[in-house]
Amino acid sequence: MCGIVGFTSRNRPAIGPLVNGLRRLEYRGYDSAGVALESADGIKVYKQTGKVAELDSLLSRALPEGERGKYTLGIAHTRWATHGLPTVANAHPHIADEGRLALVHNGIIENYAALRAGLEKRGAKFLSQTDTEVVAHLVAAFDKGDFLTAVAEALKRVEGTYGIAAISARHPGEMVVARKGSPLVIGVGEDDIVVASDVSAIVAYTRQVIYLKDGDIARITPKGVDIHTLDNSPVTREVQEVDWDIGAIEKGGYEHFMLKEIFEQPDALANTIRGRLDPAGGTAFLSGLSLSPRELAAVRRVVIVGCGTSLHAGMVGKYLFEKLADIPTAPEQAAEFRYSNPIVGPDDWVMALSQSGETADTLAAVRESIRKGALVSGLCNVVGSTIAREAGRGVYLHAGPEISVASTKAFTAQVTALLMTALKLGRTRRLSFEDGDRLVKEISRLPELVGKVLEGNDAIAKVAEKYAKADDMFFIGRGMLHPVALEGALKIKEVAYVHAEGYQAAELKHGPIALLSEKTPVVALLADIPGKEKTLGNVQECRARLAPVVGVVTEGDEAAAAAVTDALVIPKTCAELSPIVTVVVLQLFAYHVARLRGCEIDQPRNLAKSVTVE
Ligand code: F6R
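Numbering follows our numbering, with no gaps: position 376 of the sequence shown is 1106.
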């Protein structure tokens, strides 16, 4: 969703780093962009609908190279519309105090209508339909000489969520930033300080970062960072080192981040697994959980919360926990969970799955579960993210930054981490050493197995060509392949804009089969798991209605290959790993269909990478 960048330097112009920062945040999804720059002459604001490239050319026209040196402080923003259309007027930064103050904001101000009415009565002139603009006017109204205090006073009146950055011509050289519910990270360089919604916009300048916590407000000048609470008590936040560099967020020769991230999976999974398998005990080490075998043995039920792709990974988790650890497991869509007055307590382990670690509904589910006394853990990719921190314990995926909006390597890493967790839980219960040992061996082979799937990329691209014009598709699977069918359908919907539905293979004949014809390809997941023979029966039912069937089949399974119209092959593995090898085929299939349809693969329309609103 929206992205914030702020930059201040002792000696460097801010424009380049601000625009580059916005480019790094493009993956989050947005529809307009803007910049505010401060100099001795006051504040200048430039805004544009559409892409950051268009803002960049606006800046090139407006500010010749020779003039840029005088702007060493600025804030910038990419907006994903919530309140008001994506227009120039609604784009951030918003201004107040007759153009002396500029402010950018991520999140939602829930009481903005009441605040706006009050401010208008006192003469404030609003130029946009946004909720953000009220914050700019509020800050101006509270400015009695100290900028940080003015922002803090304004934020005390605000209900909702925010990450904000503000500058004011009344306080030259200062930027004030604050967060509650929307992430903000401060990169501390030698001569420069960069603020951004996430570290991808910072690592080009420094790897030393401070993750602000909810309720923090900071005054930033080229000399340093001064962090307080909204009540003005100073606080200290640790400076941490980011453990990846700029190469990790560049395309590295791939046409799209999505393809790069699909191909990164062998390495990503090797990182997820590294140091976490215990061959001697036939189990896994997951030190971030900080749970003793006795505590693990006391868990009576697992609840997995997440959204989208993370929810699908959680649904695979249900099969893994029930199969390996005999623990009843309920995957729950996080928004539904949080508003359902959920029945969870001290015997339940609530696992929050989130690549970004910032998804608003998943975070709310974490908070509700903590309130109810459940054992809570996070399964996140982004280190230092809000869910990871608030859950207090968990497993990091270590899959590396995921830039493509469509999540790929995070899914396989999540399922892998869930599998290791199920293995660990199982070994505190009835899972034997022999079974544990078998799984440890198979999990160690995972990077190699996924590498083999990737070797089939050209074959998958060929099959994609056959079906790229279809308007509707079905994906079917049984057991732990059912969530993979849902994930395959989600991928093709979001990146290729093909209407697709995922179903339990047996459910097709209870209604959806009415839609089958020669124009509706069915993708059938036929890896070797219990129930495969039954799915083969469902394949026959589809073909009898003339629907072409693309089968994802295990190498050497001639019967399955013969039953389908087109076979895409996966290597032989155990049932527990079949969701991972299968989904990689579906990711590539969706990618190629999207490419052939000319879609904007890395930033699909209307989507945002990190969904920080409800
Ligand atoms: C799909 C996708 C989304 C996310 C969902 C949750 O490709 O990316 O469905 O999976 O928005 O995001 P995280 O995992 O960051 O909580």
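Beta carbons: idealized from backbone N, C-alpha and C, even for Gly.
* Is it true that the CB of R1208 sits closer than 8 Å to the CB of Q701? -> The chain is shown from 731 up to 1344; residue 701 falls before or after that span and cannot be answered.
* Other residues of its chain near D786: CB distance less than 7 Å, five sequence neighbours each side excluded -> These residues qualify, in order along the chain: V749.
* With burial defined as no fewer than 16 other Cβ atoms inside 10 Å of the residue's Cβ, what is the status of L815: buried or exposed? -> Its Cβ having fewer than 16 others within 10 Å, L815 is exposed.
* Asked: Rounded to the nearest angstrom, how far is the Cβ of A931 from that of G751, given a contact under 8 Å?
  -> Between the beta-carbon of A931 and that of G751 there is about 4 Å, and that keeps the pair under the 8 Å contact cut.
* Between the region 903-918 and the region 731-744, do at least 3 Cβ pairs fall closer than 8 Å? -> With three or more CB-CB distances shorter than 8 Å, the region 903-918 counts as touching the region 731-744.
* Asked: Is it true that the CB of A1194 sits closer than 8 Å to the CB of W810?
  -> Contact: no.
* With 16 other CB atoms within 10 Å as the buried threshold, where does G829 fall? -> The C-beta of G829 has fewer than 16 other C-beta atoms within 10 Å across all chains shown, which makes the residue exposed.
* In whole angstroms, what separates the C-alpha of S1345 from that of T1013? -> Because the chain in this structure spans residues 731 to 1344, residue 1345 falls outside the shown range and cannot be described.
* **Residues near A884 by beta carbon distance below 8 Å, same chain, minus five either side** => For A884, where only same-chain residues beyond five positions count, the Cβ hits under 8 Å are V865, L868, V869, A871 and F872.
* May I ask whether a heavy atom of the ligand F6R can be found less than 7 Å away from the beta carbon of S1020? => Checking every heavy atom of the ligand F6R against the Cβ of S1020, none is found closer than 7 Å.
* Counterpart residues of D1078 in DSSP-defined beta bridges -> Paired residues: R1031.
* Cβ neighbour criterion (16 or more within 10 Å) applied to T1342 -> It counts as buried.
* To do: Could you check if G1156 is buried or exposed, using at least 16 other CB atoms within 10 Å of its CB as the buried criterion?
  => Note on G1156: 16 or more other CB atoms within 10 angstroms of its CB, so buried under the neighbour-count rule.
* Expected contact under 8 Å - CB spacing of L789 and V765 to nearest Å -> 7 Å between Cβ atoms; contact.
* For L1238 versus I1206, is the C-beta spacing smaller than 8 Å? -> Yes, they are a contact pair.
* Locate the beta strand (DSSP E) running through H958, then write down its first and last residues. => Counting along the chain, the beta strand (DSSP E) containing H958 begins and ends at G954 to T959.
* **Element boundaries [beta strand (DSSP E), containing R909]** => In this chain, the beta strand (DSSP E) harbouring R909 covers M905 to K910.
* Asked: How big is the Cα-Cα spacing for V1074 and V1315?
  -> V1074 and V1315: Cα-Cα distance of roughly 36 Å.
* Taking V915 as the reference, give the member of D922, S927, I923 and D921 with the closest Cα. => Proximity to V915 across D922, S927, I923 and D921 peaks at S927, based on C-alpha coordinates.
* **Local conformation of F993 per DSSP, three classes** => Residue state, collapsed to three classes: helix.
* Asked: Per DSSP, E971 forms a beta bridge with which residues?
  -> DSSP, once it has assigned bridges, lists Q938 as partnering E971.
* To do: Could you please give me the residues that DSSP links to M1210 through a beta bridge?
  => Paired residue(s): none; M1210 is not in a bridge.
* List in chain order the residues whose CB is within less than 5 Å of at least one heavy atom of the ligand F6R. => Answer in sequence order: C1037, G1038, T1039, S1040, S1084, Q1085, S1086, T1089, A1136, S1137 and V1341.
* Starting from N836, follow its DSSP beta bridges and name the residues at the other end. => G893, per the DSSP bridge assignment.
* By the 10 Å Cβ neighbour count, where 16 or more other Cβ atoms means buried, how is G1103 classified, buried or exposed? -> By the 10 Å Cβ count, G1103 comes out exposed.
* If you follow the beta strand (DSSP E) that V724 is part of, which residue opens it and which one closes it? -> In the structure as shown, the chain starts at 731 and stops at 1344, and residue 724 therefore has no counterpart that could be examined.
* Given V929, which residues of its chain have a CB within under 7 Å of its CB, disregarding the five upstream and five downstream residues? -> The residues are V915, V939 and V972.
* Across which residues does DSSP place Y1126 in a beta bridge pair? -> Beta-bridge pairing by DSSP links Y1126 to C1110.
* Given V834 as reference, the closest of L1021, H824 and Y842 once Cα atoms are compared -> Relative to V834, the option among L1021, H824 and Y842 whose CA is nearest is H824.
* Considering only residues of the same chain and omitting the five flanking positions on each side of L742, which have a CB-CB separation below 8 Å? -> One detail in the question is off: residue 742 reads as Arg in this sequence, not Leu. Excluding positions up to five away in sequence, the list reads T802, D921 and D922.
* To do: Go ahead and pull the three-state DSSP assignment for I1222.
  => Correct three-state label for I1222: helix.
* Starting from the Cα of T1116, find the closest Cα among A844, E1344 and S912 and give me that residue. => Of the listed residues, the one whose Cα sits closest to T1116 is S912.
* Smallest Cα separation from Q995: which of L1153, Y1069, L1179 and Q778? -> Out of L1153, Y1069, L1179 and Q778, L1179 has the C-alpha closest to the C-alpha of Q995.
* To do: Determine the burial state of E756: buried for a count of at least 16 other Cβ atoms within 10 Å of its Cβ, exposed for fewer.
  => Counting C-beta atoms within 10 angstroms of its own C-beta, E756 has 16 or more neighbours from the protein chains shown and is therefore classed as buried.
* Hey, out of A832, I1034 and P1278, whose CA is closest to D1091's CA? -> Among A832, I1034 and P1278, the Cα nearest to that of D1091 is on I1034.
* Report the residue from R846, T1250, L1266 and D1287 whose alpha carbon sits nearest the alpha carbon of R1275. => Distance from the Cα of R1275 is smallest, within the candidate group R846, T1250, L1266 and D1287, for T1250.
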